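Going by the working numbering, the sequence shown opens with residue 214, and the numbers climb by one from there.
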Amino acid sequence: MGRRKETIVYPSGTLSSSAYEGSVCTGVEFASNLDAQKSGVVEHYRPRVSYYMREQAGNFHYGKFHPMKPHRLTLTNHLVLNYGLHKYMDVYEPRRATEEEIREFHSEDYIDFLKRVTPDNQKEVANCFSEFNIGDDCPIFDGMWDFCRIYSGASIEAARKLISGSADIAVNWMGGLHHAKKYEPSGFCYVNDIVLAILQLLRFYPRVLYVDIDIHHGDGVQEAFYTTDRVMTCSFHKYNGDFFPGTGAIDEMGSGLGKFFAINVPLQDGIDDNSYTQLFKTVMTAVMETFKPGAIVLQCGADSLGLDRLGVFNLSIAAHGECVRFMRRFGVPMMVIGGGGYTIRNVARCWTYETGIVCGAELPAALPNTVYNEFFTPDYSLHPQLSGRVINHNSRAYLNALTARILEQLRYLKGAPSVQMQETPPDIQGFLEAEESQKVDVQNDRLKDSREDRRGRREHLAEFYESDHDQDADDDDGINDRRNKDVVTPAP
């Protein structure tokens, strides 16, 4: 099913990659410059957006002093709803992932451990902690297995929504836990929902592109697809050999069939808005032209923002969101997911802003009132000042050399790889049939509403047809011969 295309006035133009060459501006100035670039631009792409949220996801607690705070999801959802963004998208409460779905990537022993361990019995299984990398980064907390099933289920459902053609962009801020490995947790991540979602997408799309703008390297996803040419991973992250997870050097390119299909963009401390967005657009333009993906998974870790508790970049929310806006412009089915982010008031602001971007809605800078207003003091602004804390160690010469190296790697690919045609897996076929049946039911309901209107019982607010009661001029001969025309209903 094709994506809807219609001409609407929407000031969401893209920032020219050379617009601010050699200039320095704050995050607030960057947002202002971006608004000036956007004004008057006509956007022709109006995607159907699905949004996944579950209230329980924000209630889990890693520990009092642990930097990962799922409560950021609650803050985000309250801002999204109070900005009225739910009017621009379909909002779903996703089901939990089944054990069988999680086993598609993770090992049986590891899943069995996650299922049975709790804070109450952790002493009894403490001998397994070293085997499964349990410690300060990945502690045992109450409801851990349920938390994993919730955020993983949302990513799986989002992938299937794209496959069915029911959505063009699917948003799951609960997901994006990119460090989890097949046999163990890592970096606050227990189940790798991204890998599970990509495995779903590969059943339908020949090629899937994974893009990661978290400050930490997306090592778990890269490792999972390191030897295949059907998934290209592209990660923009800090790298010096010591910064967690210690991987992501530019010479990590993949192996076997996956040789050159892992793109790593290692950055130094303090990169600013202009440098980051220029680099991102240059690299991603070349990636899209070379790989030609059927679907995109965009991990939007917000620890790359300035002033993050664990981050060392100087990005503003506007620059972080510009990466989302740029990928949206390609019109390729896209899943947008969360990730890192440990100054939770800024995480919520960022993901709310990016939800507005994918919906095509321009959000006012003043935050709406919520029950969590105290988190956003003293400015109550969507775009607080975040840049300037860390000196930018990314010289222009370094970034130019980095870009040239990546473009050279892409030239080795010599075009997008082909994929042998195969029968769609049976479980996906059944899911698609259910989706199609649901769409038919919706269309029948709309048709029923239209027929009721013609009989005078009710009027559809979006109705558009001609009848005896129309105000339009009749035909030249004064005879209205349109009475028996079919009703025209809005496209679903």
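Built from N, CA and C at the ideal position, the CB exists for glycine as well. Source: prediction; values computed, not measured.
In the structure shown, Lys282 adopts coil according to DSSP, grouped into three states.
Non-local beta-carbon contacts of Thr556 in its own chain, meaning distances under 7 Å to residues more than five positions away in sequence, involve Leu520, Asp521, Arg522 in chain order.
When the alpha-carbon of Tyr275 is set against those of Val478, Tyr593, His284, the nearest one is in His284. DSSP places Tyr423 in the strand class (E or B) of the three-state scheme. DSSP, reduced to helix, strand and coil, places Ile407 within a helical segment of the structure shown. Proximity to Val510 across Val434, Glu621, Leu298, Pro479 peaks at Val434, based on C-alpha coordinates. Distances from the CA of Arg538 to each of Gly553, Arg558, Trp564, Gly554 were compared; the closest alpha carbon is that of Trp564. Judged by DSSP secondary structure, Met497 falls within the alpha helix (DSSP H) whose first and last residues are 486 to 504. At a Cβ-Cβ threshold of 9 Å, Phe345 and Phe326 count as neighbours. The Cβ atoms of Asn385 and Gly551 lie closer than 9 Å to each other.
About 32 Å separates the Cβ atoms of Ile484 and Asn586, ruling out a contact at the 8 Å cut-off. Ranked by Cα distance from Asp349, the first of Tyr305, Gly356, Phe278 is Phe278.
Taking all protein chains in view, the Cβ of Tyr489 is crowded by 16 or more other Cβ atoms within 10 Å, so the residue is classified as buried. Relative to the Cα of Thr583, the nearest Cα in the group Phe401, Met547, Arg602, Thr289 belongs to Thr289. Looking only at Asn405, Arg609, Gln512, Ile570, the smallest Cα-Cα distance to Gln491 is reached by Arg609. As the crow flies, the alpha-carbon of Phe526 is around 39 Å from that of Arg329. The bridge partners DSSP lists for Ala579 are Ser594. Excluding the 5 residues flanking it on each side, Ile363 has same chain C-beta neighbours closer than 7 Å at Arg267, Gln269, Ala270, Arg309, Met387, in chain order.
Cβ-Cβ distances below 6 Å link Cys402 to Leu390, His392, Ala393 in the same chain, with the five nearest sequence neighbours on each side left out; the list follows chain order.
Collapsing the DSSP output to three states places Tyr625 in coil.
Note on Ser320: under 16 other CB atoms within 10 angstroms of its CB, so exposed under the neighbour-count rule.
In the structure shown, Lys374 adopts helical secondary structure according to DSSP, grouped into three states. In the structure shown, Val571 adopts helical secondary structure according to DSSP, grouped into three states.
In the same chain as Leu286, and ignoring 5 residues on each side of it, the C-beta atoms closer than 7 Å to its own belong to Ala270, Gly271, Trp386, Met387, in chain order.
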